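Colleague: Protein chains in written order, with this note's numbering: chain A, 4 to 296; chain B, 5 to 528. Note that the Cβ used here is the ideal one computed from N, Cα and C, for glycine as well. Please read all numbers here as calculations on a predicted model, not as lab measurements. Questions regarding the structure given below will be posed in turn.
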């Protein structure tokens, strides 16, 4: 099972390049696709989900060109888009039965699968309610359920935890981890903690290009010895922000505790253990510095 | 002053948002088409066998009537989405959190609608001098006579159309497809009332017609009451007469201005029904009595009531033993059919059943024709969802990323629509079978093919249900109801029946739908 993204670019009308020469090879596991807003994540997801065509480059699924044979990938695909709608007059079972029919699943299998999925996403109690009555978080769970309907080998989820409460978010992360065994999961998000909890691989994307592709451990190693905690008076914080890359601040009795990313520590700063958010910000800052240079 | 500025900014933003959409080009193209139709003689204003000399007064008045007739109908459907757009873009929620009053909002939307419609009238006005030049029957240009009808007739007509569109959007029953169908009949009634009672109708037909008829009677006393604005009848207008225009007396102008007052009053009335984007007031007619009141309009209420208990160990998922994506076409047709009919209230089925039975047992063929005509208008809103549902409910990404969607889902939608036509018109077909009236049966079959084909093609290409609701209603009125040649897709009379034409048209429409969906998908 392999998904290969080979020098994929996407240009929208007006000459706006959302992706430029993006290359990545994916094998079973959870890939966390991280990037700032407007980085090109959703465009990449749409290309991989066969919603839109790449302007340049190609995507292959198990060696088969997706442009030539999209249905091979679609049959194996579960897709949770960032924005999607539901039919408000149907209840969740009817909606999932409909999508199961569209995906070509037989009625008996899909019925059993829908029961399990509703239990999994905690919607069994509201199965008879029209979808028009659902809250945003509940609709998001319907989206998660539909993505898993066909037991997909390739699961693409775009900002899946948007609108979920903390409890549901944890459940979804656990679910992703459980699902990741023999399938490729692509989790696109800008929430680092979601990726931290589930991803076996991380791809950082910015301005339509791949900034880094590594395991979480490897990314953390890149910032080892570059993260510092610095206690400074609140009045000096603004000056410090202009001089250093600060990933976090918290106000305490002795001043502001700033988490600083730098090769050399500010005077009086103490080294701390880096986390993925530090690594993410560090890689992005390096990328931007490289582009600016 | 402050209020005027706020109103101006609201109208301006809404107007710019509309005119910067590609669809607005179609709107202007429609106005340009009307101008071309007037110039070429495709659209002709006729008083029996007479028409006026193409001087400034005649050209200005003819173009104005063309505008008020067609734009008050088509324009209504074009602008009847001002409030809906604020809902869809969620801008409405932001507006609702400001001190903006309801009256202010409906007035602003009326003015914005009016600006769009007035722009279409302006396109016609701008082309009027060229038409006079092109026809070259009178080279004496009189700007006042040319433009006065646009000002005194066109502008009030557009104002009332703009306000009625806002009113329809605020009334719960009329804001959806039902309103689109009903407006056509309101529009017809508006003209009929003016004509029968001889009062100043909103489109200004009576005021202009009276003046033209009086002028013609002076020259040709034998002239009867015929007055028509029609398509392709230019050969019937064999004689010409000179008309110098309406004498715009203060009384007439005041009468016309009353329509602007009526438009403002309509906007105020609309504000009484405007939900101000409060989800607990923005109820849907279809779902009104279906769900508990609190939960019906606000998902949060339901979410709070049934917020899930934590289940730490959900059941594991059963792996699929059969491959996904295998062709189960009829299962999909069943799902599409259910999707189409889901949400209809019980009385919808009762009426459909009543029409079905009546079309089977009506004693005469004429009566059966009439009942079938009604039976095939009743499901218009069911058909109008075809091809547009995915766009309307934003489910494209879910459906278009499934395997063989184009080859399976789109045909399944069409078959489901065809099944609805077969069932609702089935009683009539059964009767024809019994009496072995094969020609009428073929015409009925052609109609059953044509309706879902038209719905699917319009739905796929427009992405909304509105074009089908408007076009089908007009088609149904002209053809099955009034037996206009070429429009009778049911074949209500042997003279107007064209089954082969409609079977061929159906094939073309289905192909257009397939092609339309194909170009919207990245991959077939």
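Could you tell me the alpha carbon to alpha carbon distance between residue 342(B) and residue 400(B), rounded to whole angstroms?
Modeller: Reading the second chain from its first residue, position 338 is the one you call residue 342(B). Reading the second chain from its first residue, position 396 is the one you call residue 400(B). C-alpha separation (whole angstroms): 19 Å.
Colleague: Look up residue 254(A) in the DSSP assignment and give the residues it is bridged to.
Modeller: The residue labelled residue 254(A) in the question sits at position 251 within the first chain. BP columns for residue 254(A) point to 259(A).
Colleague: Assuming contact is defined by CB atoms lying nearer than 8 Å, are residue 148(A) and residue 99(A) in contact in what I supplied?
Modeller: Within the first chain, residue 148(A) is the residue found at index 145, counting from 1. Within the first chain, residue 99(A) is the residue found at index 96, counting from 1. Yes, the pair counts as a contact, with Cβ atoms nearer than the cut-off.
Colleague: Is it buried or exposed, residue 144(B), if we count other Cβ atoms within 10 angstroms and call 16 or more buried?
Modeller: Within the second chain, the letter at position 140 stands for residue 144(B). Under this definition residue 144(B) is an exposed residue.
Colleague: Between the alpha carbons of residue 221(A) and residue 250(A), how many angstroms are there, rounded?
Modeller: Along the first chain, one-based indexing puts residue 221(A) at 218. Along the first chain, one-based indexing puts residue 250(A) at 247. Their Cα atoms are separated by approximately 19 Å.
Colleague: Is residue 176(B) helix, strand or coil when you go by DSSP?
Modeller: Here residue 176(B) corresponds to residue number 172 of the second chain, with the count starting at 1. Correct three-state label for residue 176(B): coil.
Colleague: Using DSSP with H/G/I as helix, E/B as strand and the rest coil, what is residue 216(A)?
Modeller: Numbered from 1 along the first chain, position 213 holds the residue referred to as residue 216(A). Strand at residue 216(A).
Colleague: Could you please tell me which residues of the segment 499-526 of chain B, in chain order, have their CB closer than 7 Å to any CB of chain A?
Modeller: Answer set for the segment 499-526 of chain B: 526.
Colleague: Please state whether DSSP places residue 21(A) in a helix, a strand or coil.
Modeller: Within the first chain, residue 21(A) is the residue found at index 18, counting from 1. Here residue 21(A) sits in strand by DSSP.
Colleague: Could you tell me which of 88(A), 140(A), 159(A) sits nearest to residue 398(B), measuring between CA atoms?
Modeller: Translated into positions along the second chain, residue 398(B) becomes position 394. If we check each option's Cα against that of residue 398(B), 88(A) comes out closest.
Colleague: What distance in whole Å lies between the Cβ atoms of residue 284(A) and residue 265(A), which are believed to be in contact at a cut-off of 8 Å?
Modeller: As a position in the first chain, residue 265(A) is number 262, starting the count at 1. As a position in the first chain, residue 284(A) is number 281, starting the count at 1. Actually they do not touch by this definition, with Cβ atoms about 12 Å apart.
Colleague: Starting from the Cα of residue 21(B), find the closest Cα among 85(B), 61(B), 73(B) and give me that residue.
Modeller: Position 17 of the second chain, counting from 1, holds the residue named residue 21(B). Among 85(B), 61(B), 73(B), the Cα nearest to that of residue 21(B) belongs to 85(B).
Colleague: Under a Cβ-count criterion, where at least 16 other Cβ atoms within 10 Å of its own Cβ denotes burial, should residue 203(B) be classed as buried or exposed?
Modeller: Taking the second chain and counting its residues from 1, one reaches residue 203(B) at position 199. Residue 203(B) should be labelled exposed.
Colleague: Are the beta-carbon atoms of residue 448(B) and residue 507(B) separated by less than 8 Å?
Modeller: Within the second chain, residue 448(B) is the residue found at index 444, counting from 1. Within the second chain, residue 507(B) is the residue found at index 503, counting from 1. Not closer than 8 Å, so no.
Colleague: So, is residue 38(A) buried or exposed, given that buried needs 16 or more other C-beta atoms within 10 angstroms?
Modeller: Here residue 38(A) refers to the residue found at position 35 of the first chain. Buried: at least 16 other Cβ atoms inside 10 Å.
Colleague: Short of 6 Å in beta carbon distance, which residues of its chain neighbour residue 199(A), apart from the five on each side in sequence? Order them along the chain.
Modeller: Position 196 of the first chain holds residue 199(A). Contacts found: 279.
Colleague: Anything in chain B within Cβ reach of residue 99(A), meaning under 8 Å, just list it in chain order.
Modeller: The residue labelled residue 99(A) in the question sits at position 96 within the first chain. Here the premise fails: no neighbours, minimum Cβ distance about 11 Å.
Colleague: Report the neighbours of residue 176(B) on chain A: residues whose CB is nearer than 9 Å to its CB, in chain order.
Modeller: One-based indexing of the second chain puts residue 176(B) at position 172. Residues of chain A passing the Cβ test: none, with the nearest at roughly 15 Å.
Colleague: Shortest alpha-carbon distance to residue 118(B) belongs to which of 19(B), 361(B), 526(B)?
Modeller: Taking the first residue of the second chain as position 1, residue 118(B) is located at position 114. Of the candidates 19(B), 361(B), 526(B), the one whose C-alpha sits nearest the C-alpha of residue 118(B) is 19(B).
Colleague: If you follow the beta strand (DSSP E) that residue 206(A) is in, where does it begin and where does it stop?
Modeller: As a working mapping, residue 206(A) is identified with position 203 in the first chain. Element bounds for residue 206(A): 204-209.
Colleague: Helix or strand or just coil, what does DSSP make of residue 175(A)?
Modeller: On the first chain, residue 175(A) is found 172 positions in, with the first residue counted as 1. Helix, per DSSP.
Colleague: Which value, in whole angstroms, describes the spacing of the CA atoms of residue 106(A) and residue 406(B)?
Modeller: For this step, residue 106(A) is matched to residue 103 along the first chain. For this step, residue 406(B) is matched to residue 402 along the second chain. Each residue's alpha carbon lies about 5 Å from the other.
Colleague: Which residues in chain B have a C-beta closer than 9 Å to the C-beta of residue 90(A)? List them in chain order.
Modeller: As a first step, residue 90(A) is located in the first chain; it is residue number 87 there, counting from the start. Under the 9 Å cutoff, chain B gives 343, 346, 347, 393, 397, 399.
Colleague: What residue range is occupied by the uninterrupted alpha helix (DSSP H) comprising residue 114(B)?
Modeller: One-based indexing of the second chain puts residue 114(B) at position 110. First-last of the alpha helix (DSSP H) with residue 114(B): 106-139.
Colleague: State yes or no: is the C-beta of residue 80(A) within less than 8 Å of the C-beta of residue 155(A)?
Modeller: Along the first chain, read from residue 1 onward, the residue named residue 80(A) stands at position 77. Along the first chain, read from residue 1 onward, the residue named residue 155(A) stands at position 152. Result yes, Cβ atoms of residue 80(A) and residue 155(A) sit closer than 8 Å.
Colleague: Can you grab the Cα-Cα spacing for the pair residue 94(A) / residue 274(A), in whole Å?
Modeller: Within the first chain, residue 94(A) is the residue found at index 91, counting from 1. Within the first chain, residue 274(A) is the residue found at index 271, counting from 1. Straight-line Cα distance between these residues: approximately 54 Å.
Colleague: Please list, in chain order, all residues of the same chain as residue 63(A) whose beta carbon is under 6 Å from its beta carbon, the five residues on each side excluded.
Modeller: In the first chain, residue 63(A) corresponds to position 60, counting from 1. Answer for residue 63(A): 7, listed in chain order.
Colleague: Below 8 Å, can you find three or more Cβ-Cβ pairs linking the segment 52-72 of chain B to the segment 221-233 of chain B?
Modeller: Counting Cβ pairs under 8 Å, three or more are found: they touch.
Colleague: Compare the Cα-Cα distances from residue 217(B) to each of 497(B), 496(B), 62(B) and report the closest residue.
Modeller: Numbered from 1 along the second chain, position 213 holds the residue referred to as residue 217(B). Answer by Cα proximity: 62(B).
Colleague: Quick check on DSSP: helix, strand or coil for residue 156(A)?
Modeller: Within the first chain, numbered from 1, the residue matching residue 156(A) stands at position 153. Reduced to three states, the DSSP call for residue 156(A) is coil.
Colleague: Where does residue 172(B) land, buried or exposed, given buried means 16+ other C-beta within 10 angstroms?
Modeller: Mapped onto the second chain, residue 172(B) falls at position 168. When all chains shown are included, residue 172(B) counts as buried.
Colleague: Name the DSSP beta bridge partners of residue 13(A), please?
Modeller: One-based indexing of the first chain puts residue 13(A) at position 10. Looking at the DSSP assignment, residue 13(A) forms a beta bridge with 22(A).
Colleague: DSSP beta-bridge partners for residue 243(B)?
Modeller: On the second chain, position 239 is the one that residue 243(B) refers to. In DSSP, residue 243(B) forms a bridge with 54(B).
Colleague: How would you call residue 404(B), buried or exposed, if buried means at least 16 neighbouring beta carbons within 10 angstroms?
Modeller: Taking the second chain and counting its residues from 1, one reaches residue 404(B) at position 400. Buried, because 16 or more other Cβ atoms sit within 10 Å of the Cβ of residue 404(B).
Colleague: Need the endpoints of the beta strand (DSSP E) that residue 99(B) sits in, please.
Modeller: In the second chain, the residue the question calls residue 99(B) occupies position 95. Element bounds for residue 99(B): not the beta strand (DSSP E) but the alpha helix (DSSP H), 95-100.
Colleague: Given a cut-off of 8 Å on the beta-carbon distance, is the pair residue 416(B) and residue 281(B) in contact?
Modeller: As a first step, residue 416(B) must be located in the second chain, where it is residue number 412. As a first step, residue 281(B) must be located in the second chain, where it is residue number 277. Taking 8 Å as the Cβ cut-off, residue 416(B) and residue 281(B) do not qualify as a contacting pair.
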